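Some notes on the structure that comes next.
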Amino acid sequence: MEVNAHQAAEPADAGVTTGFLARKLGVSPMTLRSWDRRYGLGPAVRADGRHRRWSPDDVRMMQEMCRLTTAGVPPAEAARTAKRHARAHGTPAADPLGPSPVATDGRAVTASARTPPPEDEALDGEPLAGDARRECRGLASAAVRLDGAAVQRHLTGAVRAHGLAMAWEEVMMPALHAVGRKWQASDDRHVEVEHLLSWHVSATLRHAYVTAAAAREALQDVSPVLLGCLPGEPHTLPIEALGAALAEQGAAALMLGGDVPAEAFLAAVHRVSPLAVVLWSQSRSTASLPLARHIAAERWGVQGARTHTTVLLCGPGWDRRTEPGLLRPYGLRDAVRMIGSLAAERPN
């Protein structure tokens, strides 16, 4: 009801505020500001020269940006496409702005709850875009040459220079997309290149996860975040990246891997009492809302103090619309921020 009242106070012709747009898109205000700084995706009008007001065209542009990044398109490429889409189309994106995400107990997740604490601000800091672009090209070139040692040097250097989350979004993922496009354009002649790069990316992510987890023995007493791919879903690299990024931020991440049976998810929930469950789906054929709802409804804990866990729907397989009791992050860093907010709210 509070959101509806706020919405009524935001006339379309005057534009909407950054906080309002962030709630409706399901991202943090800091993400919108970061996209403005890094890719020029800011509002066309700033009332009184100070306050940011997003016009309907701006909103359509940001809808497209969210849709593309959720589908796995690198942020810089998604921003260019979103700008072209906003200029060329006068109609809204396919999916309207959905309701604000809500936690498993039905409470709205406010913009402030999803804004990272000051120490996490570096995740949204402005990177050296030119350096990241060169690193991505160098990584892809090394993979095409089948130079495994050079591939690993590029990956290790990117993680050290930018941190895991930024390295994944700005270097690893764009390189994987570039190699995939080369393979498709060459009648599948370069499949060995994609396999080599994928293996080294996975090795880098797992090494980062193990190293971060080993440095924090205290995580044994922290409620873990349970991560896994839905039944029939074998694509694990994005969720491995999320697990490594969570470990790097000090969270306890428990990885189940790819193609996890439904019964295994439910059994793990009851055994470890997780802070959150992340369900990854790469395609619509594996996204199962009934399973997600079932996990979100599971109760665990001692009699008289039973609770349930938060479920995050990650990956392009899920519909963009949000559902009560299920969170829908837009990208790796948004998922890290959501989980960080949940950890801050729950005493261990």
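Under UniProt numbering, the sequence shown has 63 at position 63, and the numbering climbs by one with no breaks. Even for Gly, the Cβ is constructed at its ideal location relative to N, Cα and C. Treat the numbers as computed from the prediction; the structure is a model and nothing was measured.
Burial state of V311, where buried means 16 or more other Cβ atoms lie within 10 Å: buried
Cα-Cα separation, T322 to Y330: 11 Å
CB of T81 within 8 Å of CB of L155, strictly: no
Cβ neighbours of A178 in the same chain (closer than 7 Å, five flanking residues each side left out): A140
Identified DSSP bridge partners for L312: According to DSSP, L312 bridges with V278, L327.
Meets three-Cβ-pair contact criterion under 8 Å: the stretch 289–299 and the stretch 250–260: The stretch 289–299 vs the stretch 250–260: no contact.
Secondary structure of A149, DSSP reduced to three states: helix
Collapsed DSSP secondary structure at G317 in the structure displayed: coil
Delimiting residues of the alpha helix (DSSP H) encompassing G42: That residue, G42, is in no alpha helix (DSSP H); it is neither H nor E in DSSP.
Local conformation of G258 per DSSP, three classes: coil
When V27, A22, S285, L21 are compared against R333, the one with the closest alpha-carbon: Nearest option by C-alpha distance: V27.
Helix, strand or coil at G19 [DSSP, three-state]: helix
DSSP beta-bridge partners of W54: W54 pairs with V16.
Which listed residue (G228, V277, L237, S223) has its alpha carbon closest to that of A252: S223
Cβ-Cβ distance between V278 and A213 below 8 Å: Going by C-beta atoms, V278 is not nearer than 8 Å to A213.
Endpoints, the beta strand (DSSP E) within which V225 is located: If you look at V225, you'll find it in the beta strand (DSSP E) that goes 225–229.
8 Å Cβ shell around T286 - same chain, five flanking residues per side excluded: C229, L230, P231, G232, E233, G317
Whole-angstrom distance between A88 and A297, CA atom to CA atom: Answer to the nearest angstrom: the Cα atoms are 43 Å apart.
Boundaries (first-last residue) of the alpha helix (DSSP H) holding A252: No alpha helix (DSSP H) holds A252; DSSP gives it neither H nor E.
Rounded straight-line distance, which links the Cα of P43 to that of G243: Near 33 Å, if we compare the C-alpha coordinates of P43 and G243.
Integer-rounded CB distance, given that L176 should sit under 8 Å from S202: That pair is no contact at about 11 Å.
R107, buried or exposed, once every other Cβ within 10 Å from all chains shown has been counted against 16: Note that R107 has pLDDT 32, beneath the 50 cutoff, so the model's placement of it is unreliable and no number is given.
Neighbourhood of L246 by C-beta, 7 Å cutoff - its chain only, sequence neighbours within 5 removed: V225, A253, V336, I339
Selection from R299, L25, H85 that minimises the alpha carbon distance to A267: R299
Local Cβ density within 10 Å of A78, reported as buried at 16 or more and exposed below that: buried
Unbroken alpha helix (DSSP H) run spanning V210, endpoints: 191–214
DSSP state of A287 mapped onto helix, strand, coil: Coil, per DSSP.
For P75 and E263, the rounded distance between their alpha carbons: 35 Å
Own chain partners of L146 with C-beta closer than 8 Å, once the 5 adjacent residues on each side are dropped: Only E192, V193, L196 meet the Cβ criterion.
V272 and A208 closer than 8 Å at C-beta: no
Integer-rounded CB distance, given that A86 should sit under 8 Å from E61: The question names Glu, but residue 61 in the sequence shown is Met. With a Cβ gap of about 4 Å, M61 and A86 count as contacting.
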